[in-house]
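Have a look at the structure below before the remarks.
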């Protein structure tokens, strides 16, 4: 059967070769520069076409839609009902129980007073509820941003010697982070965070997890004098040079609770239904350990405790923002990096769960929401917050239906702030260490790393660079190196585009890569190449040399027993654009090939390419109309009819030479 | 006739739809990571396949070729004859006549003793003749490198207070420049300079021409105290704040000689046969003006003259290279910047004239040649040299045939150094300015700029950035900004790849862009998109959103009267590679489309893409074998046979809905 239609095929080719009126390459529709610019701007900055939903709506509806666009809360709030509230209540309480100990621990990670962790779990969620478009995001401080902010700021200011200034710097850089995040959203530059690829984040998170866990050895071993550096070397130093400071009571307590937490986590992973085990575990451990510590007067046995915590809700902190003085550049830098990092985490988490539950989160809107959340936050004693991996996971598995669960959580935190703070007086620091370790250990994803290795070795390399960069140098440099490497790869792909030799699949009119489709065979007298990248300043030199080399190679291997090379056909379907340097390539090729008596034909040049070629040709027309074709098949058919040696149609099918 | 075969076509489609065994997508041949790595390295660093010419040659021939590869001189020297010598002699003398005054004035630009300019026009050309592969390059000191080196070094050391140390630093940074240039060549990183596109060079050259010309106002107006800065503002300042220093005699002399030179140049442009007019003009002017100055005792009329110059050839200067002490980092930095700048100028000039006369220059070899030239140079009292725009232009128009003209020039310079130095005692500085202006004015290419504007507005912008950057900020920053902008554009193209909707060209089996080919029409029930870029971390988010938006748009515009959208077909011919993030796109699309009851099919995934998809699929196979097709035609044919509504074959051809 296949044969029959294949013969029909070759028969069809015959006809067109005898009558070489192939389908003409259409001149693309005219476009003014302004039109092109408009399209470019739309595709680049408004690719999600935000105004689409407004079209053809009555004014009133438009207004409502507009309001809903700015405040997503207006979308779901009206439809809110008791049934939803019930599930949100449960999930809200659950994340609260996680948020409180987490908040305290992460604040310590950032070298800030523990209470700030709770402040930051109260105000920001309320802001997000109004502006955010995700239903599952659990908002609050996160380990990585806290860690980076802490380590970057302490390069200039010691949190022990000058805690007040340190706090001011933290709040100010939170302000800049928020400003920067909102700006990205408003300017619709959301795609910037796309440059943090999965590979990078994988390595970066694993690296940070390792560093953070090691940092916790301070609490876990009860060491008092500990390095403030983030890199692995100094940390290990201060661990093993301070063995005299190790306190066995702390170690025993720490290890045992760590084991409990890890087991709880393991249970929930194995049986997702038991999510509440790992979700509730931290709070349980805090309560138990606190009672224990209180009972045995832990502080007298070398087990350090949190100690007195102030009562009451967030004090305003506008007075704490300092925009002058010597540290400005530091806070801006810190704001930028922590901003980007927390944004990446927030957006990634939001997208993940949106995909899971099949709804959309608008990247740019999310950025504005998170940004404003931080701007507001920094005026009410909150340091940088975003959508957190751990909280959102718990929130989702606890069955959260809407962002309302964030409100519940922040109410729970509010109650804690108002009445329950004294209870944390005896909470041992070691327990916080254990909680942090359990949280971050989940960020190390070995299977994903293995998959990376399998799919793309280069991405694996990028991941390693991020990982070791973070561990041995510093969080920000590790990140920078990995990003640089990925961009370099993209640039290299542009500078060295693939050129593939095509052959005809016998019995069809299909031309494919000779090395991929073994049955494909070369057509005598032709060299058919496809160029697999836009042609621009960065690769014309290479492409010119490479194509000439192809022709030379073809001529050298005397593949063409009785045919000499007569036509070079460039398959241009994959050449999405050319720039002004690019167009010159064809002129140069024409001249170079002309010297060899070989002619150049182009197949399926795309609209933009066609336009630019025409413009460049004006006056001295180099690419002749009749050397443009829509398909390789038609090019071969109509060119072979003009071939010097009398061989067309059928023969083109039969006398194909194996490569 | 076309009709007949078109019906045959549709008929053919019929058959395959009834028998949907389309041509299978072949699994690509197995390749180990090592093999892939080897290919990658070859294509990236040895794309010119330098060893090809050696293959299959007898040993002796191999040795000869090898020697010729290292010393291009061996290629042309044996074939050298008197006829060639004649033209090389003329051009050699001509550039010598230009080189001598130029050398002196450029050395001044670099705050170095004038004699160094002549030293640098003697040794380096001889080195280049042996190693270089260009026939037109005129080697010697150049204005831009001289200026940059002079201004960078004087930031730390004053050439007036400590001329000896300044000289040492200049020679040492020349050494580093050479080292760096040679290293680029040896490591085969030649493509780095490809990032300096034509657009950039156009703007850069024009900008430098303006700046250098303005610098010459010093000599032309006879101003004694002049800024050493390169930007336009300070230059104009010192021109108009020093009006008291203007000397009318100098101005008269300068203007009149400038006019003579420009007229001479104009004549040679109009009548290429009269090239010798512009070629000989500089030397003539020098001689006449010198005699004139001697006759009228110019120095007593406020016309500054070169004055006494030491006699004798280059003294060795190995003892002047200092690799220790506080200035090391400065000389390395200076070496790097001047190195890359002079390299760009040299290679650009080399390539330009090679294209003009249709021969090849090997970028990497040129870099080694220029690099070694400078390394040798700095041991013989030469500061940084390269292929100079002005000299090469004169050299070429004077009819140089081989690099021998450089030998002639350096011999002429040798004779000058040994015997003729006293004659330059009375040469007025103003004449040097006039010569330089005439030389660089040719670098401003308005028509090319206009063509740029016509072809690619963005490249035009890049050119403007380079131009104004050079004029108002500085040469190196102007360059950096332009390069950054070009790279940004490339990255944007990657982040926002084009997705085009394809339609069927009636009466054929060809699918093309609906907006380009107006006659093309959509196939009911299908959405056929082609993705026009590699899929990677930087664009998956965009592509996912964009493709979903396409489907929504198609569903909204109820184009499909009685057909609902059932298949999304992705034409993957233009997707040259995917990375690990890229493969996830297809999984996500599958799920997202699944929710809409739409199925995803891929057409012609290239070998690399196919391999990675397979690897990513292992275990949970997401992309089903029978949803891979070789051509869109076959995809449509065999899918429509599985379509829910009973409509296949013939109808698919006829009931095409206009878009």
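Chains as they are written, first to last, in full-length UniProt numbering: chain A, 1 to 659; chain G, 1 to 659.
Where is the CB? At the ideal position from N, CA and C, for every residue including glycine.
Environment of residue i [buried if 16+ CB atoms lie within 10 Å]
i             : result
residue 295/G : exposed
residue 571/A : buried
residue 308/A : exposed
residue 161/A : exposed
residue 288/G : exposed
residue 60/G  : exposed
residue 244/G : exposed
residue 477/A : exposed
residue 112/G : buried
residue 463/A : buried
residue 81/G  : exposed
residue 56/G  : exposed
residue 54/A  : exposed
residue 33/G  : exposed
residue 557/A : exposed
Beta carbon of residue i nearer than 7 Å to that of residue j
i             : j             : result
residue 154/A : residue 436/A : no
residue 431/A : residue 286/A : yes
residue 668/G : residue 103/G : For residue 668/G there is no data in the structure shown, the boundaries of chain G being 1 and 659.
residue 569/G : residue 466/G : no
residue 120/A : residue 386/A : no
residue 144/A : residue 87/A  : no
residue 609/G : residue 575/G : yes
residue 398/A : residue 90/A  : yes
residue 95/G  : residue 395/G : yes
residue 165/A : residue 157/A : yes
residue 616/A : residue 583/A : yes
residue 231/G : residue 261/G : no
residue 226/A : residue 237/A : no
residue 201/A : residue 147/A : no
residue 473/A : residue 206/A : no
Contact set between residue i and chain D, taken where Cβ atoms lie within less than 7 Å
i             : result
residue 583/G : Considering every chain present, this structure includes no chain D. Its protein chains are A and G.
Any non-hydrogen atom of the ligand NAD within 6 Å of residue i CB
i             : result
residue 282/A : The ligand NAD is not part of the structure shown, which contains no ligands of any sort.
Original post:
So does the region 312-322 of chain G actually touch the region 370-388 of chain G, counting three or more Cβ pairs closer than 8 Å?
Top reply: Short answer: they touch.
Original post:
What residues in the region 469-494 of chain G have a beta carbon less than 9 Å from any beta carbon of chain A?
Top reply: If the cut-off is 9 Å between Cβ atoms, the region 469-494 of chain G has 486, 487, 489, 490, 491, 492, 493 and 494 near chain A.
Original post:
Three or more C-beta pairs closer than 8 Å, one from the region 123-142 of chain G and one from the region 391-406 of chain G: is that the case here?
Top reply: Taking 8 Å as the limit for Cβ pairs, the verdict is that the region 391-406 of chain G does touch the region 123-142 of chain G.
Original post:
Are the region 587-599 of chain G and the region 537-547 of chain G touching, with three or more C-beta to C-beta distances below 8 Å?
Top reply: Cβ pair count under 8 Å is three or more, so yes.
**OP:** Decide yes or no for the touch test of the region 518-533 of chain A against the region 483-501 of chain A: beta carbon pairs closer than 8 Å, at least 3 of them.
**Re:** With a cut-off of 8 Å, the region 483-501 of chain A and the region 518-533 of chain A count as touching, because enough Cβ pairs lie within range.
Subject >> Secondary structure, alpha helix (DSSP H): runs of 4+ residues fully inside the region 223-306 of chain A >> reply: Runs found: 232-240, 248-270 and 275-295.
Subject >> Entirely enclosed alpha helix (DSSP H) segments - the UniProt domain "STAS" (516-639) of chain A, minimum 4 residues >> reply: Segments of the alpha helix (DSSP H) lying fully in the UniProt domain "STAS" (516-639) of chain A: 540-556, 580-595 and 607-617.
**OP:** Could you tell me whether the region 437-455 of chain G touches the region 118-127 of chain G, where touching means 3 or more Cβ pairs closer than 8 Å?
**Re:** The count of Cβ pairs closer than 8 Å, one atom from the region 437-455 of chain G and one from the region 118-127 of chain G, stays below three, leaving the stretches out of contact.
**OP:** Mind the definition here: the region 167-186 of chain G touches the region 321-341 of chain G only if three or more C-beta pairs lie below 8 Å; say whether that holds.
**Re:** Contact holds: three or more Cβ-Cβ distances are below 8 Å.
**OP:** At 4 residues or longer, and completely inside the region 68-134 of chain G: list those alpha helix (DSSP H) runs for me, N to C.
**Re:** Counting whole runs of 4 or more residues, the region 68-134 of chain G contains the alpha helix (DSSP H) stretches 73-76, 82-109, 115-119 and 123-131.
Original post:
Any residues in the region 189-220 of chain G with a beta carbon nearer than 7 Å to a beta carbon of chain A? Which ones, in chain order?
Top reply: Within the region 189-220 of chain G, contact with chain A at the beta-carbon level (separation under 7 Å) is assigned to 191, 194, 195, 197, 198 and 199.
**OP:** Answer yes if the region 184-192 of chain A comes into contact with the region 420-430 of chain A, meaning at least three C-beta pairs across the two stretches below 8 Å, and no otherwise.
**Re:** No: fewer than three Cβ pairs fall under 8 Å.
**OP:** Taking a Cβ distance cut-off of 7 Å, strictly less, list which residues of the region 334-349 of chain A are near chain G, in chain order.
**Re:** Cβ contacts with chain G: none found.
Original post:
What residue ranges within the region 396-445 of chain A form continuous beta strand (DSSP E) runs of no fewer than 3 residues, ordered along the chain?
Top reply: Considered as a whole, the region 396-445 of chain A harbours no complete run of any beta strand (DSSP E) with no fewer than 3 residues.
**OP:** Give, in chain order, every residue of the region 30-44 of chain G whose Cβ lies closer than 9 Å to some Cβ of chain A.
**Re:** So the list reads 33, 36, 37, 40, 43 and 44, given in the order they occur along the chain.
**OP:** State whether the region 349-366 of chain G contacts the region 323-330 of chain G, with contact taken as three or more CB pairs (one from each stretch) at a distance under 8 Å.
**Re:** Contact fails: fewer than three Cβ-Cβ distances are below 8 Å.
Original post:
Can at least three beta-carbon pairs, one atom from the region 484-496 of chain G and one from the region 33-51 of chain A, be found at a separation below 8 Å?
Top reply: Taking a cut-off of 8 Å for Cβ pairs, the region 484-496 of chain G and the region 33-51 of chain A touch, as three or more such pairs fall below it.
Original post:
What residue ranges within the region 490-514 of chain G form continuous beta strand (DSSP E) runs of no fewer than 3 residues, ordered along the chain?
Top reply: For the region 490-514 of chain G, whole beta strand (DSSP E) runs of length 3 or above, ordered along the chain, are 499-504 and 511-513.
**OP:** With 7 Å as the C-beta to C-beta threshold (strictly closer), list the residues of the region 414-425 of chain A near chain G in chain order.
**Re:** Those would be none; no residue qualifies.
**OP:** Scan the region 141-191 of chain A and note each continuous beta strand (DSSP E) run of 3 residues or more that stays entirely inside, going in chain order.
**Re:** Here no run is fully enclosed.
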